[in-house]
Every structure is written in C-alpha cells, then in structure tokens.
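Notes for the one structure printed next.
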Amino acid sequence: MWQGSVVSIHIAREASAPMEPITEVRAVPGRGLEGDRYFHGRGTYSPRPSVGGREVTLIESESVEALFGGILNADGQTLGIKLAAGEARRNIVTVGVPLSHLVDKEFRVGEVLMRGTRLCEPCKHLESLTQPGVLGGLIHRGGLRARILNEGMMRVGDVIRPE
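For the sequence shown, our numbering gives the first residue as 4, with consecutive numbering after it.
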C-alpha cells in the first residue's frame, strides 16, 4: 500500500492568471478550492461543464520533474523543459502518489475525502501559458481531476492515501 503527500497547493483567482502557491485551502464539495477560479466559475473552461468537473486537479511532482531530464522527444533527446510545479496549472502537487490508479477510486488528502474522476490531460491552453513541448511532455502524465466528497482543510505536507 502506498502513501504520499502534498508538496504544494496552487490556485489562480482568474482565468489564465498565474498560479499562486498557498499553504492551506478549504475544499468545498461541488465548488472546488476556496479562492480558485473554478470555485467562482471564472476558469477558462468554466462555461464548458464536463464529466468529472473541475473541482480540484492534482499532478505528480515526479511528472513535472521528468519534463527536464527524463522524457524523450521523437529524436531520442530529453525535452529539457524547466517548469515550476505551479506552472502546470494543477491545484495540488503530490509526491509518492500513483494518480493514474485513482480514477474511480476514493482517497484522502489530509482530512478531505476525494474521488478521482478522470485523467487531466494537458491542452494547448496550458502550453500557450507555459512553453513549447509541455503538451507533448505531459500526455498521460498531466494529472488527475477529482471530486471533493467532504468539506475540509488541505495543507502542504498532508498525507495522501487510498481510502
């Protein structure tokens, strides 16, 4: 059985605004993370509801780090993309958590119970806000969308574990 943790938490108050690192946040079922653009319906994709919604997104720190030295392009060269964790535009950066295994599964982030809904594949919008190569480098490694099942606080350093 695995157990991981929260490396960092990020929100953006408006669509396309830079992500802000925060140390703690209130998670609200059906809304998202207090203060985030999707909590207030101001995210880029807010007008386009989707299966699984946009309450919270998570990404593995290992995926972000692999962009620089681990992922190869079609020519066998490393991408060499330096991306800060918050620049991936996901709310929660994790370590030691196999996010792709959490689709349709319940898990806890500190006191908050969540359910993974689907993978959070990268998009052209993400690449337009960061740098060329990010879209291709994060395919199948772009994180997880999740529903919040109970209201509570999440903090940097919280344990993440399967339910």
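The beta-carbon is built from N, C-alpha and C at its ideal position, and this holds for glycine as well. Quantities reported herein were computed from a predicted structural model and do not represent experimental measurements.
DSSP places residue 104 in the helix class (H, G or I) of the three-state scheme. Residues 97 and 102 of the same chain have their beta carbon placed closer than 6 Å to that of residue 63, with the five preceding and five following residues left out of the count.
Between residue 149 and residue 61, the CB-CB gap stays under 8 Å. Taking C-beta atoms as the reference points, residue 118 and residue 109 count as a pair closer than 8 Å.
Following the DSSP letters along the chain, one finds residue 29 inside the beta strand (DSSP E) bounded by residues 27-31. DSSP, read as helix, strand or coil, puts residue 67 in helix. For residue 112, the enclosing beta strand (DSSP E) begins and ends at 109-112.
For residue 155, the enclosing beta strand (DSSP E) covers residues 155-158. One thing to note: residue 12 has its Cβ within 8 Å of the Cβ of residue 157. In this structure residue 94 is buried. Its beta-carbon is surrounded by 16 or more other beta-carbon atoms within 10 angstroms. By the criterion of a C-beta distance shorter than 8 Å, residue 65 is surrounded in its chain by 98, once the five residues flanking it on both sides are discounted.
Residue pairing for residue 13: DSSP places it in a beta bridge opposite 24.
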